[in-house]
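Student: Handing you a structure now.
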Amino acid sequence: EPEVTQTPSHQVTQMGQEVILRCVPISNHLYFYWYRQILGQKVEFLVSFYNNEISEKSEIFDDRFSVERPDGSNFTLKIRSTKLEDSAMYFCASTILGGHQPQHFGDGTRLSIL
Amino acid sequence: AQRVTQPEKLLSVFKGAPVELKCNYSYSGSPELFWYVQYSRQRLQLLLRHISRESIKGFTADLNKGETSFHLKKPFAQEEDSAMYYCALNTGNQFYFGTGTSLTVIP
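Just so you know, the sequences run in chain order P and F.
Just so you know, my numbering puts the end of the first sequence at 114, numbered straight through with nothing missing.
Just so you know, my numbering puts the end of the second sequence at 1107, numbered straight through with nothing missing.
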């Protein structure tokens, strides 16, 4: 069964540095999402992406965050000027259609900001 | 505003006992609700969606619009059911997750 894959599984970065989290969604999926989960807290929506545009974003997704689909297969989340509070598990998800379709999740990337 | 509420952070039941994981939601539109499960060290996996009205691994969930609930139930819990369970609400563009319930089935 096709899967969403995320790399790296764990990323350690110094505060203030930039980090890029990578995701390869399922190949025929059209809608892509990023979520984060701070340790011990709930999964929180960050952003949805369709047709090379952000379709929705939460208040967490401030101007330090950006997403990109650079080559038709990867879907990246970039965080600039990282803060300690960015430390979390970041999940990528994709769905073949948007709207009320279930989302398929990757294993996540654990981001640790030092 | 809290869209999805899972009141129990931890739930322990004995093997063979019935289990119910509670979920309440807040949404003025037509809700699309899901249950996701996360086994230890694994990814979030879709367990159920309310429109399919199916039973997966013995679990069922019924949408009660009057009570704005989507509780997950299983009549006889198994040890392999031990996991983290998340209720989620899809409003069209966003998924709102509850805080999750950690289920432990005691042998």
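In this text, a Cβ means the ideal position worked out from N, Cα and C, and glycines have one as well.
How would you label R36 (chain P), buried or exposed, when you count the other beta carbons within 10 angstroms and need 16 or more for buried?
Tutor: R36 (chain P) should be labelled buried.
Student: Please determine, among F:I1106, F:F1095, F:V1105 and F:L1089, the residue with the shortest C-alpha to C-alpha distance to N1024 (chain F).
Tutor: Comparing Cα positions, the closest option is F:L1089.
Student: Check each candidate in F:K1009, F:T1005, F:I1106 and F:I1056 and name the one with the smallest Cα separation from S1082 (chain F).
Tutor: F:I1106
Student: For L114 (chain P), name the three-state secondary structure that DSSP assigns.
Tutor: coil
Student: By the 8 Å beta-carbon criterion, what residues does the stretch 29–48 of chain P contribute toward chain F?
Tutor: Y33, Y35, Q41, K42, V43, E44, F45 and S48
Student: Buried or exposed for L97 (chain P), please, with buried defined as at least 16 other CB atoms from any protein chain shown within 10 angstroms of its CB.
Tutor: exposed
Student: Would you check if the distance between the CB atom of L1046 (chain F) and the CB atom of F1034 (chain F) is smaller than 8 Å?
Tutor: yes
Student: Please give me, in chain order, every unbroken run of the beta strand (DSSP E) with length at least 3 that falls completely inside the stretch 20–86 of chain P.
Tutor: Those beta strand (DSSP E) runs which fall completely within the stretch 20–86 of chain P and span 3+ residues are 31–37, 43–50, 53–57, 65–68 and 75–79.
Student: Which residue or residues does DSSP assign as beta-bridge partners of M15 (chain P)?
Tutor: According to DSSP, M15 (chain P) bridges with nothing at all.
Student: Within 8 Å (strictly less), CB to CB, does Q1094 (chain F) reach chain P?
Tutor: yes
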